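To keep things clear, I will list the structure first and then write my remarks on it.
Number of protein chains: 2
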Amino acid sequence: GGFAAFTTVNKMYKEKDTTLFLDPGFPVHKQQHDVMGLKWENFDVYDYRGDKLKDKLESFLSKGNISAMIYSNPNNPSWICFTEKELKIIGEMANKYNVVVLEDLAYIAMDFRKNLFTPGEPPFQATVARYTDNYILFISSSKVFSYAGQRIGIMAISNKLFERKCPDLKRFYNSDLFGYAMTFGTIYALSAGVTHSSQYALAAMLKAANDGEFNFVEEVKEYGAKAKIMKNFFTDNGFKIVYDMDEDEPIADGFYFTFSYPGFTGEELLSELIYYGISAISLAITGSERLEGVRACVSLVQRDQFSDLELRLKKFNEHHPRQKANTEQD
Amino acid sequence: GGFAAFTTVNKMYKEKDTTLFLDPGFPVHKQQHDVMGLKWENFDVYDYRGDKLKDKLESFLSKGNISAMIYSNPNNPSWICFTEKELKIIGEMANKYNVVVLEDLAYIAMDFRKNLFTPGEPPFQATVARYTDNYILFISSSKVFSYAGQRIGIMAISNKLFERKCPDLKRFYNSDLFGYAMTFGTIYALSAGVTHSSQYALAAMLKAANDGEFNFVEEVKEYGAKAKIMKNFFTDNGFKIVYDMDEDEPIADGFYFTFSYPGFTGEELLSELIYYGISAISLAITGSERLEGVRACVSLVQRDQFSDLELRLKKFNEHHPRQKANTEQD
Numbered sequence: 002g003g004f005a006a007f008t009t010v011n012k013m014y015k016e017k018d019t020t021l022f023l024d025p026g027f028p029v030h031k032q033q034h035d036v037m038g039l040k041w042e043n044f045d046v047y048d049y050r051g052d053k054l055k056d057k058l059e060s061f062l063s064k065g066n067i068s069a070m071i072y073s074n075p076n077n078p079s080w081i082c083f084t085e086k087e088l089k090i091i092g093e094m095a096n097k098y099n100v101v102v103l104e105d106l107a108y109i110a111m112d113f114r115k116n117l118f119t120p121g122e123p124p125f126q127a128t129v130a131r132y133t134d135n136y137i138l139f140i141s142s143s144k145v146f147s148y149a150g151q152r153i154g155i156m157a158i159s160n161k162l163f164e165r166k167c168p169d170l171k172r173f174y175n176s177d178l179f180g181y182a183m184t185f186g187t188i189y190a191l192s193a194g195v196t197h198s199s200q201y202a203l204a205a206m207l208k209a210a211n212d213g214e215f216n217f218v219e220e221v222k223e224y225g226a227k228a229k230i231m232k233n234f235f236t237d238n239g240f241k242i243v244y245d246m247d248e249d250e251p252i253a254d255g256f257y258f259t260f261s262y263p264g265f266t267g268e269e270l271l272s273e274l275i276y277y278g279i280s281a282i283s284l285a286i287t288g289s290e291r292l293e294g295v296r297a298c299v300s301l302v303q304r305d306q307f308s309d310l311e312l313r314l315k316k317f318n319e320h321h322p323r324q325k326a327n328t329e330q331d
Numbered sequence: 002g003g004f005a006a007f008t009t010v011n012k013m014y015k016e017k018d019t020t021l022f023l024d025p026g027f028p029v030h031k032q033q034h035d036v037m038g039l040k041w042e043n044f045d046v047y048d049y050r051g052d053k054l055k056d057k058l059e060s061f062l063s064k065g066n067i068s069a070m071i072y073s074n075p076n077n078p079s080w081i082c083f084t085e086k087e088l089k090i091i092g093e094m095a096n097k098y099n100v101v102v103l104e105d106l107a108y109i110a111m112d113f114r115k116n117l118f119t120p121g122e123p124p125f126q127a128t129v130a131r132y133t134d135n136y137i138l139f140i141s142s143s144k145v146f147s148y149a150g151q152r153i154g155i156m157a158i159s160n161k162l163f164e165r166k167c168p169d170l171k172r173f174y175n176s177d178l179f180g181y182a183m184t185f186g187t188i189y190a191l192s193a194g195v196t197h198s199s200q201y202a203l204a205a206m207l208k209a210a211n212d213g214e215f216n217f218v219e220e221v222k223e224y225g226a227k228a229k230i231m232k233n234f235f236t237d238n239g240f241k242i243v244y245d246m247d248e249d250e251p252i253a254d255g256f257y258f259t260f261s262y263p264g265f266t267g268e269e270l271l272s273e274l275i276y277y278g279i280s281a282i283s284l285a286i287t288g289s290e291r292l293e294g295v296r297a298c299v300s301l302v303q304r305d306q307f308s309d310l311e312l313r314l315k316k317f318n319e320h321h322p323r324q325k326a327n328t329e330q331d
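Quick mapping for you: the protein sequence lines, in order, are chains G and F. The C-terminal residue of the first sequence carries number 331 in this note's numbering, and the numbering is unbroken. The C-terminal residue of the second sequence carries number 331 in this note's numbering, and the numbering is unbroken.
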């Protein structure tokens, strides 16, 4: 989905050859650009939350070279969620500069601060689709339905974008219609399609969810519950949560959280934690400016491993007493 | 597989930016090049069979811009099969000019003139892999095991090619090792991988075939049997087989065959056959120079439809008596 979108959106307008990443983000998306030789720019949104986001976006988009903006919401790796105010800003900027928003909803409905499962009833998943027609949404069945091994996802293109005519597409495709270039051009060339049994399974899960018979959010709330407990193990033992606020509200507990330890860079911390049997990834590869940060993923940590985790973090803290010189940089 | 191979092989050497198609071939492979903006050249091999193939290949490869040669064997759409002499020429040219041969074995073991199913015993599938280490083989489970809906195939890279160091790959990848650039670069960026259940199923079918318990060739011989009957319906009613010889030997009966009707281009013939309830594809889109040709696919034609097919071809022939002026161009 992402690969197909980057490939096609990048060819819509000759002068718009660059993707803007609202980081931190999924490192593979940048690798996809590099393998294809496509250009990208990025910034870490954490210092530009709320009203500040507008000027920051405008500084990139006004140059005229940006074809698409991409971010995930809830965010991988930081689990920050854009507020409605921020999504409105992003949508307005997409309209003003004719830029496509690629919204990665891999963790749809997992902002557990709200109850996002009641078919047809608000509150709904926050999305830029309320504020612009220039959008493509991505939903991963591996996360939302814990249906990982069968490799199927959804790419939802707005009707208006699907029907957009872009003469520059003719440089690469038979059609100048965006939707046709995407489906009969890029996706047909790129993929042998998705296993038919996975398509039936996904359709059945979507129907059951929409009929109110399958509360998929309830199934994944365990991630939030585990994150709450695990974050406490970390903060009780001298660690800090790196990305901790959505504007003026504490972030949700979910699939990921980010932590640091005074006096360590993220990469140093990872090297040291390995000796305690704890692995994670450094935020350095996610486009984050918080180079002291590390991403924890809660999904494969079982509750019966919690006592081990707590003990290991306690030992780490004992062995690494915080020096005054170090704590100053908190 | 093909898309990943074109992407990666094209980046191995800066000066080698073009793929050579030994046509006729699968039109989607050229579409994949066009969508990515990659260059390609082509020629129709039918007039350059046997010893003539060497000079023809040399005329393309000696220019120094060709990174890969691609063909299918048995061939889609014509069902011609390269002889051992021709494969040896292709392999020697690949060695001399350091060009990768992309051999599409979608119809592996379906040259029914030989018994190609006895594990470990000759005769084996003819392949360029006997004559060069510069090869990637592609096998489609949808054809060989009639396992279409589950979307899985095999890309087999020779060990020597996998371990090839190409500094120019560093322009796009973290590694200059071809195998790493392919797997951790292109394929990882391009694909979410293959459904795990399909992987288990394919592994089980391959094991059963190798243990001699599952004669997959016997399962697909029906294609050849049907082709033999269907070809007769066509030739008995004024049609000609377009690609009919492998050097001095009549081609095999298999998945596809090609036909023409005196006085018609392939596209005119298709338009006219539609009125008789017969559909096919024109060879014009396959890189063939035989623009009078049409490809017939036998796979979905059932034996209980044979009487209909025969009747329709007979009526077509009655309604289109061959004019002297037309038959001259046979």
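Virtual Cβ for every residue (Gly too), placed ideally from N, Cα, C. Predicted model, so just to flag it, every value in this text is computed and none were measured.
Beta-bridge pairing of Cys298/G - partner residues as DSSP gives them: For the purposes of this step, residue 298/G is identified with residue 297 of the first sequence, where counting begins at 1. Cys298/G pairs with Tyr257/G.
Does Ala157/G come within less than 7 Å of chain F when only Cβ atoms are used? The count along the first sequence starts at 1 and reaches residue 157/G at position 156. Cβ-Cβ to chain F under 7 Å: no for Ala157/G.
Around the C-beta of Phe125/F, are 16 or more other C-beta atoms found within 10 angstroms, so that it is buried, or is it exposed? For the purposes of this step, residue 125/F is taken as the residue at position 124 of the second sequence. Exposed.
Touch test, the stretch 70-88 of chain F against the stretch 103-120 of chain F, Cβ-Cβ under 8 Å, three pairs minimum: yes
Give me, in chain order, the residues of the same chain whose beta-carbon lies closer than 6 Å to that of Ser282/F; leave out the 5 immediate sequence neighbours on both sides. In the second sequence, the residue the question calls residue 282/F occupies position 281. The amino acid at residue 282/F is misidentified as Ser; the sequence shows Ile. Excluding residues within five positions, the ones whose Cβ falls inside 6 Å are Arg296.
Which chain A residues are close to His197/G, counting only those with a beta carbon under 9 Å from its beta carbon? In the structure shown, chain A does not exist; the protein chains are G and F.
I need the DSSP call for Glu122/G, collapsed to helix, strand or coil. In the first sequence, counting from the first residue as 1, residue 122/G sits at position 121. Coil at Glu122/G, not helix or strand.
At the level of alpha carbons, what is the spacing between Ala228/F and Phe234/F? Mapped onto the second sequence, residue 228/F falls at position 227. Mapped onto the second sequence, residue 234/F falls at position 233. If you take the alpha carbons of Ala228/F and Phe234/F, they lie about 10 Å apart.
Spatial neighbours of Thr133/F within its chain, please: CB distance less than 7 Å, with the 5 preceding and 5 following residues excluded, ordered by chain position. As a position in the second sequence, residue 133/F is number 132, starting the count at 1. Cβ neighbours of Thr133/F beyond the five flanking positions: Gly92, Ala95, Asn96 and Val102.
I want to see whether chain G comes within less than 7 Å of Gln33/F, judged by CB atoms only; does it? Within the second sequence, the letter at position 32 stands for residue 33/F. True, the Cβ-Cβ gap to chain G drops below 7 Å.
Is Leu292/F closer than 7 Å to Ala285/F when the C-beta atoms are compared? What you label residue 285/F is simply residue 284 of the second sequence in a count that begins at 1. What you label residue 292/F is simply residue 291 of the second sequence in a count that begins at 1. For Ala285/F and Leu292/F, yes; Cβs fall inside 7 Å.
Run through the DSSP bridge pairs and tell me what Thr19/F is partnered with. Numbered from its first residue, the second sequence carries residue 19/F at position 18. Paired residues: Lys40/F and Ile67/F.
Continuous beta strand (DSSP E) stretch holding Val102/F: start and end: Locating residue 102/F in the second sequence gives position 101, where the first residue counts as 1. Counting along the chain, the beta strand (DSSP E) containing Val102/F begins and ends at Val101 to Asp105.
When the cut-off is 7 Å and only beta carbons count, does Ala190/G lie next to chain F? By one-based count along the first sequence, residue 190/G stands at place 189. Cβ-Cβ to chain F under 7 Å: yes for Ala190/G.
Report, in whole angstroms, the separation of the C-beta atoms of Tyr262/F and Leu270/F, which I expect to be a contact under 8 Å. Taking the first residue of the second sequence as position 1, residue 262/F is located at position 261. Taking the first residue of the second sequence as position 1, residue 270/F is located at position 269. The pair is a contact, with the Cβ atoms about 5 Å apart (cut-off 8 Å).
I want to see whether chain F comes within less than 7 Å of Gly186/G, judged by CB atoms only; does it? Indexing the first sequence from 1 puts residue 186/G at position 185. It does; some Cβ of chain F falls within 7 Å.
Any Cβ of chain G within less than 7 Å of the Cβ of Ala193/F? Numbered from its first residue, the second sequence carries residue 193/F at position 192. By this cut-off, Ala193/F is an interface position.
Euclidean distance between Cα positions of His34/F and Asp48/G: Working through the second sequence from its first residue, we reach residue 34/F at position 33. Working through the first sequence from its first residue, we reach residue 48/G at position 47. Rounded to the nearest angstrom, the two C-alpha atoms are 42 Å apart.
Can you tell me where the alpha helix (DSSP H) holding Phe317/G begins and where it ends? What you label residue 317/G is simply residue 316 of the first sequence in a count that begins at 1. That run of the alpha helix (DSSP H) goes Phe307 to His320.
Here's a check: name, in chain order, each residue in its chain whose Cβ is nearer than 7 Å to the Cβ of Phe61/F, leaving out the five neighbours to either side. Taking the second sequence and counting its residues from 1, one reaches residue 61/F at position 60. Only Leu21, Glu42 and Ile67 meet the Cβ criterion.
Quick one: which unbroken alpha helix (DSSP H) runs of 4-plus residues sit fully inside the stretch 167-248 of chain G? Chain order, please. 197-211 and 217-237
Please state if the CB of Phe118/G and the CB of Asn211/G are separated by a distance shorter than 7 Å. Here residue 211/G is taken as the residue at index 210 of the first sequence, counted from 1. Here residue 118/G is taken as the residue at index 117 of the first sequence, counted from 1. Against a cut-off of 7 Å, the Cβ pair of Phe118/G and Asn211/G comes out as no contact.
Whole-Å CB distance - Val36/F paired with Phe179/G, under 8 Å assumed: Counting from 1 along the second sequence, the entry for residue 36/F is found at position 35. Counting from 1 along the first sequence, the entry for residue 179/G is found at position 178. No, Val36/F and Phe179/G are not in contact; Cβ-Cβ is about 14 Å, not under 8 Å.
Can you pull the DSSP bridge partners for Ala157/G? Along the first sequence, read from residue 1 onward, the residue named residue 157/G stands at position 156. Leu138/G.
Tyr148/F versus Ala204/F, Lys161/F and Ala190/F, residue with shortest Cα-Cα distance: Numbered from its first residue, the second sequence carries residue 148/F at position 147. Minimum Cα distance to Tyr148/F is reached at Ala204/F.
Against chain G, does Phe235/F count as a neighbour if the rule is that its beta carbon must be under 7 Å from one of theirs? Taking the second sequence and counting its residues from 1, the one referred to as residue 235/F is at position 234. Closer than 7 Å: no.
Per DSSP, what kind of secondary structure is Asp112/F in: helix, strand or coil? Mapped onto the second sequence, residue 112/F falls at position 111. Asp112/F: coil per DSSP, three-state reduction.
Going by the beta-carbon positions, is the gap between Leu191/G and Phe7/F smaller than 7 Å? Locating residue 191/G in the first sequence gives position 190, counting from the first residue. Locating residue 7/F in the second sequence gives position 6, counting from the first residue. No.
Closest residue to Glu311/G among Met231/G, Arg114/G and Glu268/G (Cα-Cα distance): Along the first sequence, one-based indexing puts residue 311/G at 310. Of the candidates Met231/G, Arg114/G and Glu268/G, the one whose C-alpha sits nearest the C-alpha of Glu311/G is Met231/G.
How long is the line joining the alpha carbons of Met183/F and Lys115/G, rounded to whole angstroms? Counting from 1 along the second sequence, the entry for residue 183/F is found at position 182. Counting from 1 along the first sequence, the entry for residue 115/G is found at position 114. Their Cα atoms are separated by approximately 43 Å.
Neighbour flag for Phe163/F against chain G, beta carbons, 7 Å: The sequence position of residue 163/F within the second sequence is 162, counting from 1. Not one chain G Cβ lies under 7 Å of Phe163/F.
Since Lys38/F meets chain G, which of its residues come closer than 7 Å, beta carbon to beta carbon? What you label residue 38/F is simply residue 37 of the second sequence in a count that begins at 1. Note on residue identity: the sequence assigns Gly, not Lys, to residue 38/F. By Cβ distance, chain G contributes Phe173.
Classify Asn135/F: buried if its beta carbon has 16 or more other beta carbons within 10 angstroms, exposed otherwise. Taking the first residue of the second sequence as position 1, residue 135/F is located at position 134. Under this definition Asn135/F is a buried residue.
Applying the criterion that 16 or more other CB atoms from any shown protein chain within 10 Å of the CB defines a buried residue, is Gly225/F buried or exposed? In the second sequence, residue 225/F corresponds to position 224, counting from 1. So Gly225/F ends up on the buried side.
Tell me the DSSP secondary structure of Tyr72/G in three-state form. Reading the first sequence from its first residue, position 71 is the one you call residue 72/G. Note: Tyr72/G maps to strand in three-state DSSP.
Below 8 Å on the Cβ atoms is my contact criterion, and I expect Gly154/G with Thr196/F to pass it. Report the Cβ-Cβ distance as a whole number of Å. What you label residue 154/G is simply residue 153 of the first sequence in a count that begins at 1. What you label residue 196/F is simply residue 195 of the second sequence in a count that begins at 1. 13 Å between Cβ atoms; not a contact.
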